[in-house]
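Step one of this worksheet: look at the structure below.
Now the structure itself:
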């Protein structure tokens, strides 16, 4: 028996919907993910500011692309910008005294968190832009 599973989004047999199909021990088809990308943040204020740490929760970003992450609006002291679960690399931003911190990251997951740690003497409110 021969079958072509290209562009098959739904597999139903005898009234049962399947998410994977196998030929012996080899997987020959799996249901494609139903991912819908959300708009990228532009000049977004932090979700939480806890002391000197600002936090943004990111969801719905298209994975396997490179994005520019920019933090603006902080004077006198961005100490560090970091991320969790968005990509497999550190953002490598530390010790920015001006009002702009920026880095590129290859995003591997559609969801994650971006943290900005600021000095005790920072002024302004951080804003996140991803493009």
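Numbering (our numbering), first residue to last: 868 to 998.
Built from N, CA and C at the ideal position, the CB exists for glycine as well.
If you look at residue 949, you'll find it in the beta strand (DSSP E) that goes 945 to 951. With respect to the 8 Å criterion, residue 994 and residue 939 are classified as neighbours on the basis of their beta carbons. DSSP, read as helix, strand or coil, puts residue 958 in coil. In the three-state scheme derived from DSSP, where H, G and I count as helix and E and B as strand, residue 976 is classed as coil. For residue 989, the secondary structure class from DSSP, reduced to helix, strand or coil, is coil.
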